[in-house]
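Asks:
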Amino acid sequence: MSACRVARLSGLAIGFVAVALAAGSYAVPPIFRVVERLRTTGALGLIALAFALLLAWLADASGSAMIVGALAAGLVLHHTPQRREIEQSVTRLGHFFVPIFFACVGAAVDVRALATPQMLLVAVVITAVGIAGKVVSGYSLRKFEGNRLLVGSP
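Each residue of the sequence shown is one higher than the last, beginning at 9 in my numbering.
(1) Quick check: what's the CA-CA separation for Ala30 versus Ala140?
(2) Please return the same chain residues whose Cβ sits closer than 8 angstroms to the Cβ of Thr88, not counting the five positions on each side in sequence.
(3) If you reduce the DSSP assignment to three classes, tell me which class Pro176 lands in.
(4) Looking at Ala73: is its Cβ nearer than 8 angstroms to the Cβ of Ala60?
(5) Is there contact between the stretch 64–73 and the stretch 17–26, where contact requires at least three CB pairs shorter than 8 angstroms?
(6) Judging by CA-CA distance, which residue of Gly138, Ile55 and Leu66 is the nearest neighbour of Val25?
(7) So which of Ala11, Arg100, Leu63 and Gln96 has the shortest CA-CA distance to Ala80?
(8) Could you check whether Leu52 and Val43 sit closer than 8 angstroms to each other, using their CB atoms as the reference points?
(9) Which term fits Ile55, buried or exposed, when burial requires 16 or more other beta carbons within 10 angstroms of its beta carbon?
(10) Thinking C-beta only, is Val84 closer than 8 angstroms to Gly32?
(11) For Ala28, does the count of other Cβ atoms within 10 angstroms reach 16, so buried, or fall short, so exposed?
(12) Tell me whether Gly146 sits in a helix, a strand or coil according to DSSP, three-state version.
(13) Is Gln90 buried or exposed, if buried means 16 or more other CB atoms sit within 10 Å of its CB?
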């Protein structure tokens with residue numbers, strides 16, 4: 009993948025999230041105030057899920073990944089007063105859908121593309137940087153009483 013394509017896809021994803029946050033901050037609160045007045049069991053979770061699926065579809069339609077839309081939905085919904093209720097209602101769904109998502113992503117990986125020396129080097133470097141970053145973050149917490157080195161273990 010060329011650097012230009014990576015830059016274009018990154019810009020598209022960042023732009024999508026920015027637009028979703030801006031539009032969502034105006035559109036979502038009134039919708040959830042109405043839904044909250046309904047006092048129907050599960051309505052908040054259902055509307056939140058529908059919102060996440062809508063943004064995932066819009067992200068896909070705009071040329072970005074569906075996960076970018078779902079991320080944007082989570083960022084928008086995080087700022088609603090009903091955040092805790094929404095989180096409680098969709099947690100069970102997450103336990104079902106998250107493993108399916110990772111299985112689908114894993115199945116879509118072209119393993120042959122990863123078998124080149126350049127990609128193996130990139131994988132080793134990214135893994136080392138990730139572990140080092142986690143170890144540093146473990147030691148940067150002042151009030152953490154646990155095993156700081158364990159935070160960075162793979």
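The beta-carbon is built from N, C-alpha and C at its ideal position, and this holds for glycine as well.
Replies: On the basis of the supplied data:
(1) Residue numbering aside, residue 30 sits at position 22 when the sequence shown is read from its first letter. Residue numbering aside, residue 140 sits at position 132 when the sequence shown is read from its first letter. Each residue's alpha carbon lies about 35 angstroms from the other.
(2) Locating residue 88 in the sequence shown gives position 80, where the first residue counts as 1. Leaving aside the five residues that flank Thr88 on each side, the residues in its chain whose CB is nearer than 8 angstroms to its CB run, in chain order, Val36, Pro37, Phe40 and Ile94.
(3) Residue 176 falls outside the range modelled here, since the chain spans only 9 to 162, and no answer is possible.
(4) Translated into positions along the sequence shown, residue 73 becomes position 65. Translated into positions along the sequence shown, residue 60 becomes position 52. At least 8 angstroms separates the beta-carbon of Ala73 from that of Ala60.
(5) They touch, by the three-pair rule.
(6) Along the sequence shown, read from residue 1 onward, the residue named residue 25 stands at position 17. Looking at the Cα atoms, Leu66 is the closest of the given residues.
(7) Indexing the sequence shown from 1 puts residue 80 at position 72. Among Ala11, Arg100, Leu63 and Gln96, the Cα nearest to that of Ala80 belongs to Leu63.
(8) Here residue 43 refers to the residue found at position 35 when the sequence shown is read from its first residue. Here residue 52 refers to the residue found at position 44 when the sequence shown is read from its first residue. Yes, they are a contact pair.
(9) Here residue 55 refers to the residue found at position 47 of the sequence shown. Buried, since its Cβ has 16 or more Cβ neighbours within 10 Å.
(10) The residue you call residue 32 lines up with position 24 of the sequence shown. The residue you call residue 84 lines up with position 76 of the sequence shown. Yes; because the gap between Cβ atoms is below 8 angstroms, this pair is in contact.
(11) Position 20 of the sequence shown, counting from 1, holds the residue named residue 28. It counts as buried.
(12) Here residue 146 refers to the residue found at position 138 when the sequence shown is read from its first residue. Gly146 falls in the helix class under three-state DSSP.
(13) The sequence position of residue 90 within the sequence shown is 82, counting from 1. By the neighbour-count rule (16 or more Cβ atoms within 10 Å), Gln90 is buried.
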